[in-house]
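What follows is a short report on a single structure.
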């Protein structure tokens, strides 16, 4: 049974974020075409950048839940649309990483499962990583005494 939590909980991407990515993809493609002139490289690069942005936005629409917890453990993203369930005993550390770099401009939730490390930003979670870390720590069952 979860301590301090009666039902499973999920954190998902903000609904506005995929829309912004898809609008950005359309804008990049339009700019590549409008600024092309006689150059074929600009629309090709604009189309490539637009495809990447559109794929990123589509992933957010198709798999909006980034993190979920229940009595058995925590579910994290794996790959483009997949999920991976980590049982509570496999989760070694839950903390907020405040270092800059690795593509993050702010704090990130770090879930260390031994062989895998999962980093989730505020944009991934749709919430403050520190608040999510507190909820995860509160939901985590106590370790049995050795």
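Residue numbers (the numbering used here): 9 to 154. Glycine residues also receive a C-beta, built at the ideal position from the N, C-alpha and C atoms.
For residue 64, the uninterrupted alpha helix (DSSP H) segment begins and ends at 49-70. In terms of Cβ geometry, residue 119 and residue 84 form a close pair [threshold 8 Å].
Residue 90 carries a strand assignment under DSSP once its states are collapsed to helix, strand and coil. Between the alpha carbons of residue 55 and residue 49 lies a distance of about 10 Å. Cβ neighbours of residue 33 within its own chain (closer than 6 Å, five residues either side excluded): 58, 61 and 62. Comparing C-alpha distances from residue 140 to each of 102, 122 and 124 shows the shortest one belongs to 102.
Looking at the DSSP output, residue 19 sits in a beta bridge with 75.
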